[in-house]
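Written below as structure tokens is the structure these notes are about.
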Amino acid sequence: MSVIVRDDGFHTDDWVGEALDLEPDTCLSTLEGKIAGQKLVRISFPSFADGRGFTIARRVRSIGYLGRLRAKGHVLADQYAMARRVGFDEVEISDDLAARQPEDQWLARADWRANDYRARLRG
38 MSVIVRDDGF HTDDWVGEAL DLEPDTCLST LEGKIAGQKL VRISFPSFAD
88 GRGFTIARRV RSIGYLGRLR AKGHVLADQY AMARRVGFDE VEISDDLAAR
138 QPEDQWLARA DWRANDYRAR LRG
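Start counting at 1 in the sequence shown, then tack on 37, and there's your number in our numbering.
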């Protein structure tokens, strides 16, 4: 099973239907053709040290994708704010990772807009 992390905490997966899964080695120039008409796009994170999924997410949003965007795999609570800033709506983690990094650790990073360096520069 898995746990879905959103700004308000842990959830069970409520998605029903097809999803497009993108791997971290997805060619950015082919994204438009792949995401057209998709309701859910999941971008895989095989390791917390592999940040290519953040680049893919940013590109997916920059070409106009408005559907649900999910990071799936080994994303750490410390990376949640970055995930939200690049356009992810939610993160899907394993039950094991959720046990090692409980909900309170994710909620501590849920106010991802407040700690953005750009907000400090404007203020």
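Backbone N, C-alpha and C define an ideal beta-carbon position, used for all residues, glycine too.
Note to self: Please report the straight-line C-alpha distance between A147 and C64, rounded to a whole angstrom.
What the structure shows: 30 Å
Notebook entry, point to check: Are there 16 or more other CB atoms within 10 angstroms of the CB of G110, so buried, or fewer, so exposed?
Noted result: buried
Check: Are the beta-carbon atoms of A114 and L106 separated by less than 8 Å?
Finding: no
Check: Assuming L59 contacts S39 under a Cβ cut-off of 8 Å, what Cβ separation, rounded to an integer in Å, is found between them?
Finding: Rounded, the Cβ-Cβ distance is 17 Å, inconsistent with contact.
Check: Considering only residues of the same chain and omitting the five flanking positions on each side of R79, which have a CB-CB separation below 6 Å?
Finding: A56, D58, R107, K109
Notebook entry, point to check: Roughly how many angstroms lie between the CA atoms of K185 and I41, to the nearest whole one?
Noted result: Because the chain spans 38 through 160 in this model, residue 185 falls outside it and cannot be assessed.
Note to self: Going by C-alpha to C-alpha distance, which of G70, T92, R137, A73 sits closest to P61?
What the structure shows: T92
Check: A120 to S99, Cα distance in whole Å?
Finding: 15 Å
Check: Hey, is V42 close to the ligand ADP, as in C-beta under 7 Å from one of its heavy atoms?
Finding: Absence of the ligand ADP is noted for the structure shown, with no ligands found whatsoever.
Checklist line | Residues bridged to R79 [DSSP beta-bridge criterion] | finding: D58, R107
Next item on the list: Using beta-carbon positions only, say whether E140 and F47 come within less than 8 Å of one another.
Entry: yes
Margin query: Can you tell me whether R43 is helix, strand or coil according to DSSP?
Written below: strand
Item checked: For I93, three-class secondary structure by DSSP -> helix
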